[in-house]
Structure formats: C-alpha cells, structure tokens
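Okay, so here's the structure we're looking at.
Number of protein chains: 2
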Amino acid sequence: MISKTTQVRQYFEILQDSTCARLEQLESGHRFIEDRWIHHEGGGGQTRILQNGVIFEKGGVNTSAVRGTLSDSLARRLEVNPQRYSASGISLVLHPVSPMIPTVHTNFRYFELEDGAWWFGGGADLTPYYLFEDDVRHFHRVWKQACDAVDPSYHKKFKQWCDEYFFLPHRLEARGVGGIFFDYLKGDFEILFRFIRTCGNSFLESYVPIVETRLNEPWGEHEKEWQLLRRGRYVEFNLLYDRGTAFGLESRGRVESILMSLPPAVRWRYNFEPSAGSREDALVQVLRTPREWIQ
Amino acid sequence: MISKTTQVRQYFEILQDSTCARLEQLESGHRFIEDRWIHHEGGGGQTRILQNGVIFEKGGVNTSAVRGTLSDSLARRLEVNPQRYSASGISLVLHPVSPMIPTVHTNFRYFELEDGAWWFGGGADLTPYYLFEDDVRHFHRVWKQACDAVDPSYHKKFKQWCDEYFFLPHRLEARGVGGIFFDYLKGDFEILFRFIRTCGNSFLESYVPIVETRLNEPWGEHEKEWQLLRRGRYVEFNLLYDRGTAFGLESRGRVESILMSLPPAVRWRYNFEPSAGSREDALVQVLRTPREWIQ
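Chains as they are written, first to last, in the working numbering: chain A, 1 to 295; chain B, 1 to 295.
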C-alpha cells in the first residue's frame, strides 16, 4: 500500500515530466536544465529551469517532497501544534519574452502532519501585460471546467479566493487577472486527489493555446518597458506577501528553487502611470477591479 | 518653545536641501524633481527623485513628518501600547550608473509617542558591486568619527548592529559592507539630537569622495550585468526584511516614496555564482564574512 504522500509525489513528478516536455516542444530546441537537491531535514526536490529561450525568458517547473519539524512560527501560521510534517508540491512560473504573452503561475501541494491531519492547496493564475479578453476568458474557462468536474461549488469559491490572495494591498491592485486558488482542502482523499490531478492535467490546456495565439503579436521597446515595470509588481507580491515564498524561506528550503519565480529582468521607475486610455491603462483598470470573466 | 518633533523635522528639511544641492552639483545639470504629499492621518512629506542622471541611475532623498495611530501589529512590534504617534525622518538611497560606484543608503528618524516616550534611529550603509578597500575604509572612518564625536562607545556597537541588521538570512550574506545602524536611542534629547545632526552632516563626506574617486574607473557589460544581479539582493532585503519598508507600507505611507529605494533595473539569473578568484567573488567573500575595516 503506497502512502498518500508517495502517491501525490509520484503524480507531481509525472506532471513535471509531461509539462516540461510540452514546453520544450514549444521552444523547439531550448531545454530545461535540472538540479536535484536535498533538504537539510529530509527529502529534496528536482528544479528544472529554462533560461533565455525563444518564447520563455525564464521559466521553472519544480517538484519537491520534504520532511521536517514545524518551527513555532510556522505552526502558529498553520494554526496547529508544532510537530513533524511532510510536504510535496509542484510549482511552475513562466516569464515569456514577449509582453503580449502573459506570465503564468501554477502550484499544487500536499501537506501532511504527524498527527494525521492532511490537506491539499494550489491554484493557477495569469498575469498579462496587455489585455486580450479572449485569452483571459479561455484561461478561466479551463479552470472552471477542472473545478466543475469534481465539485460544482468549487469554481466560484476558488476564483474569489484567487482574486483575494493575489492582491497587493499597498498598490490596491491584483497581481493579474486571477484564476483559481485554494488551501486547506480536506475531506475524501480519493476525490480530492482526483481534483488535484484534474487541475494538474488542465494546466497546459489553460495556457499553451494563449502562447500560440499571441506568439506573433507585434511588440517593441515601449511594450517591453511596460512588461519590465509590471514585473516589478510581480516581485513585490512574491517577496512581500506570497505564503509559499515565506514558507520556503522560513523552512530553509533551497533558495534558488524558491526564488526561481522572480523575473529575469525588472525595472522600477518612480511614480510611473500609463496615460489614460492607453492599452497599458486598460490593463491597470482591470487589475483594480477584478471581473467575472465567464458565466 | 519649539517642540522636539518640529526641531528634528526642520533639521531634516535643511539636510535634504543641502544634500540634494551637492548631489545636483555632482550631476552638473540633472535635477531632483520634488513631490509633496499628504499622509491620510496627518502630516506628509517631500519626496525628491533624480532618475537617469549621469552619475545616478536613480536616487531619492525623502523627508516625511507624519502622525497617526499605531495599529495593533505596529504597537506589538514596537513593544508599546497602541496609541497616537508622530514620526519624522529623512531617507536617502542612491543607485549609481557605474558598477564601480557603490549604492548608498542613509536614514535618520525620530519617533514620539503620545505617552511621551521618544527615540531616534538611523544609520548609513554602503553596498558596493566591486570591492575597493580604500573606499570601504573611508566610509567607515567617517562614520566612526561621527560616533566618536558624541560617545566613544557608539561606533563599535552601531557598526555591529549594522552588520546584523543588513543581513539576508536566506542568502547567508550581508547586503553590503556595513556602516552604522541604531534604533530606540533614548536619553538626553540635546545630546542625541546633536548626534543625529553630526551623522546627517557626515553623509556627503562619507560618500562623495568615493563617487569622485571611482567615477572614471572603467567598466563594461560584464560589470553592469553583475551590478544588476547584485541589485536583486538589494530588492530581496528591502522587501523581505527591511523594517522601514514594512513600517511604511503597514502604516499606509506613500508607496512611491517608500519604494523609491528599489533599483531602477534589476536581474535575477538562476543559481548564478561568480567564478572562484574573480573580482565578483572577492566581493561575495567579504559579504559572507563581515570584516573590521578600521581599528
């Protein structure tokens, strides 16, 4: 009998393989490099990174399965007693070269405590630099289908959770146009694991068609500059607010694997605001007022 | 009788003027732009920013004097009861174009509570991209002189505090080569205010000679790339650990004034390590093992 942790880890590794294979196909030649690493308390991970690709300026598809003891502050944050834990996850972030192709993030994780409690968490969200409404609707539609296949109540809840989670309070702006986000998902393991697999298997469908559609969209220096400035917001979110980043650094995970989410090149310009009515401004308006993209 | 808060604020504004004037002289023509802003609970600030200068790619010299009520979490962090407060400060960050000129940061602040408690905090620290030991010694020497002029016990304590404060635990690296840092400095107001003025008046002397010495040091694409990568560490420190940034964002200060400290252009490259024995490696070695620069 294979433990729950092992079942989940094995699925994440298969998903990592199939996802990287499809992304390499898109890149026609550029390959992921792989680093395997060991966690100081037990377990480890496989970090796969692609840099300076034709489509992706930087991307990472990482799996990890670690064990350890919750620090007091981590236990407090999880609202449980300090004890041993195991955590398995897959994490993906892709930063495209073209500002016409959105950055995408997806992550699924399984957490188990010594006292027997366990839960799943995860989600997927899209961060465009220019707004193509069809792309946003496509992304949300795929994730709604994944949710609906397991529980028709999930999508509404997880879409809203995503809008709330990927929010920069100091900017009063969402990081992107949302997707789904969930955490502390407990219940029937078989059903929830099926949900996680349905999600994991939906990622490529949610994103690759957008890449293919926008690949030949023209852009120049102006659009690249805007992308670099917006990537600054991505950094602000990940370092100021992201729980996964905080958990990883606090539990002394592998820094280069955790911070692979940071974009390859970023700019901060003082008090920059796009001019009213511009395409850049159209994006900002949507980030300030999250929308319902599908019915 | 002028209140302590007003005296300090007035000094910070004079210091802002004289500092900006000297930096503009260095820039021979490029000027700071000024934005005045109002805090939602009372008071406000003057943000002065220089971008795309000849010497400074981005720099800010900001003063603020705000009033408000401590949130529960801020009161907890300061280990006081929630109550009204006033805070005056000056904050400077300069990001040079040339990787041969170090980034510099200085900040002085005065904090007063409704219950009468007050304290000063502040410091100055240097973040080089390439190590010129003479420059580092000069910087430390000036700050030691400023400390010694008021209290011969200060420098040792505040130099160590700086090494401890500007440290990135996830990287096991200092942000730079140190300087001084102090907080919760309480006692005789006249003496401590004199210390703050001695410090404030030492800033230009601690930094401008370094700029002038390194201005014609040659550099190319390789050195610029290293500077951009190292600036990534600056961002990591400021967003993950800096108390001033956290306080500013949490007390809903003006975001663009707080985040003026972020560099204009930054890179993250996966798992980049300079080659052993290189000039880049020489810097990293010093950041991993803080030194005594002067006796």
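A virtual CB, placed ideally from N, CA and C, is assigned to each residue, including glycine.
Cβ-based burial, residue i [other Cβ within 10 Å; buried from 16]
i: B/Ser-278; result: exposed
i: B/Lys-156; result: exposed
i: B/Gln-46; result: buried
i: A/His-222; result: exposed
i: B/Tyr-234; result: buried
i: A/Phe-272; result: exposed
i: B/Glu-57; result: buried
i: B/Met-1; result: exposed
i: B/Asp-72; result: exposed
i: A/Lys-186; result: exposed
i: A/Arg-31; result: exposed
i: B/Ala-282; result: exposed
i: B/Ile-38; result: exposed
i: A/Ile-55; result: buried
i: A/Gln-128; result: For the record, residue 128 of chain A in the displayed sequence is Pro; it is not Gln. Result: buried.
i: A/Gly-176; result: buried
i: A/Arg-194; result: exposed
i: B/Ser-64; result: buried
i: A/Ile-196; result: buried
Contact set between residue i and chain A, taken where Cβ atoms lie within less than 9 Å
i: B/Gln-51; result: Arg-269 and Tyr-270
i: B/Leu-249; result: Pro-169, His-170 and Leu-240
From the options, residue whose alpha carbon lies closest to that of residue i
i: B/His-95; options: B/Leu-126, B/Asn-107 and B/Gly-43; result: B/Leu-126
i: A/Asn-62; options: A/Glu-41, A/Leu-74, A/Val-93 and A/Thr-213; result: A/Val-93
i: B/Gly-42; options: B/Phe-56, B/Ile-55, B/His-30 and B/Thr-69; result: B/Thr-69
i: A/Pro-263; options: A/Ala-174, A/Pro-102 and A/Trp-37; result: A/Pro-102
i: A/Arg-48; options: A/Arg-197, A/Gln-295, A/Phe-132 and A/Ser-257; result: A/Ser-257
i: A/Asp-135; options: A/Gly-178, A/Glu-114 and A/Gln-160; result: A/Gly-178
i: B/Ala-21; options: B/Tyr-270, B/Val-266 and B/Val-208; result: B/Val-208
i: B/Arg-141; options: B/Val-80, B/Phe-120 and B/Ile-210; result: B/Ile-210
i: B/Thr-198; options: B/Val-80, B/Lys-4 and B/Leu-15; result: B/Leu-15
i: B/Glu-112; options: B/Ser-86, B/Lys-224, B/Tyr-241 and B/Glu-27; result: B/Ser-86
i: A/Pro-290; options: A/Glu-133, A/Gly-253 and A/Ala-276; result: A/Glu-133
i: A/Glu-217; options: A/Gly-60, A/Met-100, A/Thr-19 and A/Leu-26; result: A/Met-100
i: A/Gly-121; options: A/Gly-59, A/His-105, A/Phe-189 and A/Phe-182; result: A/Phe-182
Endpoints, alpha helix (DSSP H) assigned at residue i
i: A/Pro-209; result: 189-214
i: B/Ile-14; result: 4-27
i: A/Trp-293; result: Neither: A/Trp-293 is in no alpha helix (DSSP H) and is coded neither H nor E.
i: B/Val-327; result: Chain B is shown from 1 up to 295; residue 327 of chain B falls before or after that span and cannot be answered.
i: B/Arg-76; result: 72-78
i: A/Lys-144; result: 133-148
i: B/Leu-185; result: It is not in any alpha helix (DSSP H) - B/Leu-185 instead sits in the beta strand (DSSP E) that spans 179-185.
Contact set between residue i and chain B, taken where Cβ atoms lie within less than 7 Å
i: A/Glu-256; result: Tyr-270 and Asn-271
C-alpha gap between residue i and residue j, whole angstroms
i: B/Asn-52; j: B/Leu-215; result: 16 Å
i: A/Glu-236; j: A/Val-255; result: 17 Å
i: A/Pro-82; j: A/Trp-226; result: 44 Å
i: B/Pro-169; j: B/Leu-78; result: 22 Å
i: B/Arg-315; j: B/Phe-203; result: It is not possible to answer for residue 315 of chain B, since the shown part of chain B is limited to 1 through 295.
i: B/Tyr-11; j: B/Leu-192; result: 13 Å
i: A/Gln-160; j: A/Ile-180; result: 8 Å
i: B/Leu-131; j: B/Tyr-154; result: 26 Å
i: B/Phe-167; j: B/Arg-288; result: 9 Å
i: B/Gly-123; j: B/Thr-245; result: 15 Å
i: B/Glu-173; j: B/Val-284; result: 8 Å
i: B/Glu-212; j: B/Gly-200; result: 20 Å
i: A/Tyr-184; j: A/Phe-247; result: 15 Å
i: A/Ile-90; j: A/Gln-7; result: 13 Å
i: A/Glu-114; j: A/Leu-74; result: 15 Å
i: A/Val-150; j: B/Arg-243; result: 44 Å
i: B/Asp-148; j: B/Arg-76; result: 33 Å
i: A/Gly-116; j: A/Ser-206; result: 34 Å
i: B/Leu-35; j: B/Leu-228; result: It is Asp, not Leu, that sits at residue 35 of chain B in the sequence shown. Distance between the alpha carbons of B/Asp-35 and B/Leu-228 is about 27 Å.
i: A/Leu-259; j: B/Gly-232; result: 11 Å
i: B/Trp-219; j: B/Ser-98; result: 7 Å
Where residue i meets chain D, residues with beta-carbon distance less than 8 Å
i: A/Pro-264; result: Looking for chain D here will not work: the only protein chains present are A and B.
Under 8 Å by beta carbon: chain B residues contacting residue i
i: A/Glu-236; result: Leu-239 and Leu-259
Residue i: first and last residue of the uninterrupted beta strand (DSSP E) it sits in
i: B/Asp-35; result: 33-38
i: B/Phe-172; result: A small fix is needed here, since residue 172 of chain B is Leu in this sequence, not Phe. Note, B/Leu-172: premise wrong, no beta strand (DSSP E); not H, not E.
i: B/Lys-156; result: Run containing B/Lys-156: none in the beta strand (DSSP E); it sits in the alpha helix (DSSP H), 154-165.
i: A/Asp-125; result: 118-127
i: B/Arg-67; result: 56-69
i: A/Glu-112; result: 103-113
i: A/Leu-92; result: 84-96
i: B/Gly-244; result: Premise fails: B/Gly-244 lies in the alpha helix (DSSP H), 243-250, not in any beta strand (DSSP E).
i: B/Leu-50; result: 43-51
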